[in-house]
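Each remark here refers to the structure printed beneath this line.
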């Protein structure tokens, strides 16, 4: 093989990779947290809401899950700006990623909510809990615990998918890679480095989700059994 | 399981082997043997590379590539590329040559060889008519759109430190950013401005500062003396007989400075 690897450019360029990775982390953590809130509210609306509200949430989920993320990002960035609402690339990216994460979280959380046994709802009813109290104190945490692995996976997937926000000029990790690559022409090396960084970020996110899970799900922490 | 692993290893070995072999073969011979030349062109840079209303490739780089293939007596295969991937396409042998508004720069010359120039290519800072921009210091604190990795990007990064560069992946996305109002100023090739203004006539852009004039050439992998010599002769011949000038005039509406280009080619 005639290709000679040369990583010398790293001496100059490593701060760019760090900055890019940091922006990726900021964008995606914001989007994961906001998307989780949106998704959980939508899931509650979809399971317990009025028929009209259920349909609206259903439409949101289907539209977002059946269109490419890149198109959603372009609509937020270019579309809204054509209508006069100028958002920066980073804000547009967070909005689009949140909307996307929200739709997937809705479906995941819906599965969790529906997995809670009917007898538990009846028990809560007998105890005189209101609908809201039932959802908050009886349903939500066990529902989330059941679907937590799927939620964590979706969070990691979103982090990886955030790479395409480089298309609207956010200077995140992939954009940094493209910039360094066009500067040094060491494309093979640059994309190998970035792949390793994404891999490390994925591991970091999974560890983060595990820690949050340990804190959140007291029952699992004590018993170590699945629900 | 074991079988599939062996097959995977054999596959990887084969790929590595063929990579090593193709790097040492003579590309001109390969092209003639295959009866086909693979030319990398960015199809999102009107009027160099674009698609017409029947979705067929057209543009000045496309016509140049067609003429080149015809004169070489082989079939043309257009390999669609983008600004940042033009040179990797060559390096990884996905294309035989690059004809894609590739400006000659010292940095690029370290990794690929250039033929003699076939056109000039002034780059400008352009903006909406209402803006007053006289020199690069007027860009301080303003958003300026560029395509990542282009000469304009490199130039402004060094010379306009106060400007806030907004980097897009290709010209089409950058043009959309201007047309949709995300940015009011951009740095690009002069040749691109009419197409950008056409997207949204209410936001017509005009050249404000000429940054520098680059020269476009065909990019060739290093260590291909036969191919490079053939292409150099071809460019000179077609500059002299006016064929390249005619192509340029047809798509850009301006003449290329043929004499200046030939003098750069050492004729």
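Residue numbers (our numbering), protein chains in the order written: chain A, -12 to 214; chain B, 93 to 359. Note that beta-carbon positions come from the ideal geometry of N, C-alpha and C, so glycine has one too.
Q: In angstroms with no decimal places, state the Cα-to-Cα distance between residue 132 of chain A and residue 139 of chain A.
A: Counting from one through the first chain, the residue named residue 132 of chain A turns up at place 145. Counting from one through the first chain, the residue named residue 139 of chain A turns up at place 152. Distance between the alpha carbons of residue 132 of chain A and residue 139 of chain A: 11 Å.
Q: Spell out whether any CB of chain A is found under 9 Å from the CB atom of residue 183 of chain B.
A: Residue mapping note: residue 183 of chain B aligns to position 91 of the second chain, counting from 1. Output row for residue 183 of chain B: interface = yes.
Q.
Tell me the residue span of the alpha helix (DSSP H) that contains residue 317 of chain B.
A. What you label residue 317 of chain B is simply residue 225 of the second chain in a count that begins at 1. Residue 317 of chain B -> alpha helix (DSSP H) spans 317 to 332.
Q.
Which same chain residues end up closer than 7 Å to residue 176 of chain A when comparing Cβ atoms and leaving out the 5 residues on each side of it in sequence?
A. The count along the first chain starts at 1 and reaches residue 176 of chain A at position 189. Excluding residues within five positions, the ones whose Cβ falls inside 7 Å are -8, -7, -6.
**Q.** contact_flag[the region 88 to 106 of chain A, the region 163 to 173 of chain A] where n(CB pairs < 8 Å) is 3 or more
**A.** no
Q.
Using DSSP's beta-bridge definition, name the partner residues of residue 135 of chain A.
A. Here residue 135 of chain A corresponds to residue number 148 of the first chain, with the count starting at 1. In the DSSP output, where bridge partners are listed per residue, residue 135 of chain A has none listed.
Q | Close-in-space but distant-in-sequence residues of the same chain around residue 211 of chain B (CB under 8 Å, 5 per side omitted) | A | Residue 211 of chain B sits at position 119 when you count from the first residue of the second chain. Answer for residue 211 of chain B: 152, 307, 308, 336, 340, 348, 353, listed in chain order.
Q. Checking contacts by CB at 9 Å: is residue 352 of chain B closer than that to chain A?
A. One-based indexing of the second chain puts residue 352 of chain B at position 260. It does not; no Cβ of chain A falls within 9 Å.
(Q) To the nearest angstrom, how far is the alpha carbon of residue 115 of chain A from that of residue 186 of chain A? (A) Within the first chain, the letter at position 128 stands for residue 115 of chain A. Within the first chain, the letter at position 199 stands for residue 186 of chain A. C-alpha separation (whole angstroms): 49 Å.
Q. Under the rule that 16 or more other beta-carbon atoms within 10 Å means buried, what is residue 132 of chain B, buried or exposed?
A. Taking the second chain and counting its residues from 1, the one referred to as residue 132 of chain B is at position 40. The residue in question, residue 132 of chain B, is buried, as its Cβ has 16 or more Cβ neighbours within 10 Å.
Q. Comparing the C-beta of residue 272 of chain B with each C-beta of chain A, is any distance below 9 Å?
A. What you label residue 272 of chain B is simply residue 180 of the second chain in a count that begins at 1. So, interface residue.
**Q.** Whole-Å CB distance - residue 149 of chain A paired with residue 67 of chain A, under 8 Å assumed
**A.** Mapped onto the first chain, residue 149 of chain A falls at position 162. Mapped onto the first chain, residue 67 of chain A falls at position 80. Not quite, the Cβ-Cβ distance comes to about 19 Å (not below 8 Å), so this is no contact.
Q) Would you call residue 199 of chain A buried or exposed, if buried means 16 or more other Cβ atoms sit within 10 Å of its Cβ? A) As a working note, residue 199 of chain A is residue 212 in the first chain. With fewer than 16 other Cβ atoms within 10 Å, it is exposed.
Q.
Using 8 Å as the cut-off, can you tell me whether the region 38 to 58 of chain A makes contact with the region 72 to 80 of chain A, which would need three or more C-beta pairs spanning the two stretches below that distance?
A. no
Q: Output yes or no for whether 9 Å exceeds the beta carbon distance between residue 84 of chain A and residue 22 of chain A.
A: Here residue 84 of chain A corresponds to residue number 97 of the first chain, with the count starting at 1. Here residue 22 of chain A corresponds to residue number 35 of the first chain, with the count starting at 1. Yes.
Q.
Going by DSSP, what residue range makes up the beta strand (DSSP E) through residue 236 of chain B?
A. Position 144 of the second chain, counted from the first residue, corresponds to residue 236 of chain B. Segment 235 to 239, the beta strand (DSSP E) holding residue 236 of chain B.
Q.
Assuming residue 215 of chain B is part of the beta strand (DSSP E), what are its boundary residues?
A. Taking the first residue of the second chain as position 1, residue 215 of chain B is located at position 123. From DSSP, the beta strand (DSSP E) with residue 215 of chain B extends over 211 to 220.
Q: Flag this pair as yes or no: are the beta carbons of residue 223 of chain B and residue 162 of chain B separated by less than 9 Å?
A: On the second chain, residue 223 of chain B is found 131 positions in, with the first residue counted as 1. On the second chain, residue 162 of chain B is found 70 positions in, with the first residue counted as 1. Cβ atoms of residue 223 of chain B and residue 162 of chain B: not closer than 9 Å.
Q. Exposed or buried, what is residue 316 of chain B when buried is set at 16 or more other beta-carbons lying within 10 Å of its beta-carbon?
A. Working through the second chain from its first residue, we reach residue 316 of chain B at position 224. Its Cβ being crowded by 16 or more others within 10 Å, residue 316 of chain B is buried.
Q | Close beta carbons around residue 225 of chain B, own chain, < 6 Å, minus the five adjacent residues each side | A | For the purposes of this step, residue 225 of chain B is taken as residue 133 along the second chain, with counting starting at 1. These residues qualify, in order along the chain: 219, 300.
Q. Candidates A/142, A/178, A/183: which alpha carbon is nearest residue 195 of chain A's?
A. Reading the first chain from its first residue, position 208 is the one you call residue 195 of chain A. The shortest C-alpha separation from residue 195 of chain A is found at A/142.
Q. Do we get a CB-CB distance below 9 Å when we pair residue 316 of chain B with the residues of chain A?
A. Locating residue 316 of chain B in the second chain gives position 224, counting from the first residue. No - not a single Cβ of chain A is within 9 Å of the one on residue 316 of chain B.
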